[in-house]
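Student:
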Ligand code: BTN
C-alpha cells in the first residue's frame, strides 16, 4: 500500500488529509494528538501494522501486517454530537454492517455497544476516544479495527469471544481500500442523521441477541441478567431484568455483554 493508492481509493470520500504508516504503535494515539494540532474534519490515520493497538476496557488489539484494516478517523464534533457522544461507536458499527451488506451481501450483527459479529463471531472492534482542549472536546477519534484476512484472527486461546474475519464471511479476497472508502461514506451518511429514530431503527434491526437472555458483567458490581429488548437514543441498552421483570437501562461503559443459555 502506498499513499497515492490510498488517496486514489478515497477520492470520492470527504477525507481531507491522510497519515499512512506501514507500522505504528496505535493509530488512535496519532489521531488524538493530530486532532489538537490542526487536523481538519475527516482527517484519517491509517496503518498496515500496529505494534500497540488498543481495544476497549484496556485490552490490546493486535494488527498484523497485511491482515487488517486499522484506522482512526478524526471528527470535530458539533454540540449535538458531543451531547450524544455515546452514539458514535454504534454509528461506526452500523456503518460497517451496512457496508458489508451493500457490497458483499453478508448479514452481520452488532453486539451492544459496538462489536460487529458475523455468525456470532467478532470481526471488528471500535474504540472511540476524545481529544480535549482545556475543558472542551476538540476532536472525536473513531478508531476502527476490522479483521480482513484469516491471518488477523487471533488464536482461540487468546480470545474472550469467538473471532472471524471478513474474507471468511465473504468467501473470497476483498479489497481493503474499497471497503474503507464505502465505510467512510456510510459514516458520513449516519453523521448527517445523528440521533434520529431512523438511526435507532436501523441499529435495532441488526442488534445481536435481541429477545435473548444476556449477562452484563461490570467491575465491582453484581452481574445483571436480563432479556435484551433493544437500545435507546442515548445509546443505552434496554433489558428486562430477570429478578424484577421490569425494564432497566444499561449505560455503555466499563462493562461487557455475554449471551447466556437461560430459559
Ligand atoms: C475493541 O474491540 O476492543 C476495540 C478495538 C479497536 C481497535 C482499533 S484499530 C485502529 C484503532 N487504533 C487502536 O489502537 N485501536 C483502534
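In our numbering, the protein residues as written are 704 to 966.
Don't be surprised by glycine CBs; every beta carbon is placed ideally from N, CA and C.
In this text the structure is predicted, and so the values were computed from the model without any measurement.
1. Considering residue 962, what are the terminal residues of the beta strand (DSSP E) in which it resides?
2. Between the alpha carbons of residue 938 and residue 798, how many angstroms are there, rounded?
3. At 3 residues or longer, and completely inside the stretch 835-915: list those beta strand (DSSP E) runs for me, N to C.
4. For a quick check, are the C-beta atoms of residue 742 and residue 785 less than 7 angstroms apart?
5. Count the C-beta pairs between the stretch 874-886 and the stretch 790-806 that are closer than 8 angstroms, then say yes if the count reaches three, no if not.
6. According to the Cβ coordinates, are residue 975 and residue 729 closer than 7 angstroms?
7. Could you give the DSSP three-state label for residue 821: helix, strand or coil?
8. Go ahead and pull the three-state DSSP assignment for residue 924.
9. Please determine whether the Cβ atom of residue 762 lies at a distance below 6 angstroms from any heavy atom of the ligand BTN.
10. Could you pull out every residue in the same chain whose Cβ sits closer than 8 angstroms to the Cβ of residue 726, ignoring the five residues on either side in sequence?
11. Is it right to say residue 835 is buried, meaning 16 or more other beta carbons lie within 10 angstroms of its own, or is it exposed?
12. Does the beta-carbon distance from residue 903 to residue 936 come in below 7 angstroms?
13. Beta carbon of residue 775: closer than 6 angstroms to some heavy atom of the ligand FAD?
14. Looking at the structure shown, is residue 810 part of a helix, part of a strand, or coil, going by DSSP?
15. Comparing the CB of residue 759 with every heavy atom of the ligand BTN, is any distance shorter than 6 angstroms?
16. Please classify residue 920 as buried or exposed, where buried requires at least 16 neighbouring CB atoms within 10 angstroms.
17. In its own chain, which residues sit with a C-beta less than 7 angstroms from the C-beta of residue 941, not counting the 5 before and 5 after it?
18. So what does DSSP say about residue 828, is it helix, strand or coil?
19. Residue 757 lies in the beta strand (DSSP E); which residues open and close that run?
20. Helix, strand or coil: how does DSSP classify residue 789 here?
21. Between residue 867 and the ligand BTN, is there a pair consisting of the residue's CB and a ligand heavy atom that are separated by less than 6 angstroms?
22. Is the beta carbon of residue 827 closer than 7 angstroms to that of residue 809?
23. Please report the straight-line C-alpha distance between residue 1030 and residue 794, rounded to a whole angstrom.
24. Would you identify the three-state DSSP class for residue 719, choosing helix, strand or coil?
25. Could you compute how far the alpha carbon of residue 866 sits from the alpha carbon of residue 872?
26. Can you tell me whether residue 963 is buried or exposed? The criterion is at least 16 other CB atoms within 10 Å of its CB, across all chains shown.
Tutor: The structure says:
1. 959-962
2. 15 angstroms
3. 839-850
4. no
5. yes
6. In the structure displayed, the chain extends from 704 to 966; residue 975 sits before or after that span and is not available.
7. strand
8. coil
9. yes
10. 750, 751, 752, 753, 754, 768
11. exposed
12. yes
13. With respect to small molecules bound, the structure shown includes the ligand BTN and not the ligand FAD.
14. coil
15. yes
16. exposed
17. 932, 933, 934, 935, 950, 952
18. strand
19. Counting along the chain, residue 757 falls outside any beta strand (DSSP E), and DSSP gives it neither H nor E.
20. helix
21. no
22. no
23. Only positions 704 to 966 of the chain appear in the structure, and residue 1030 is not among them; the question remains open.
24. coil
25. 11 angstroms
26. exposed
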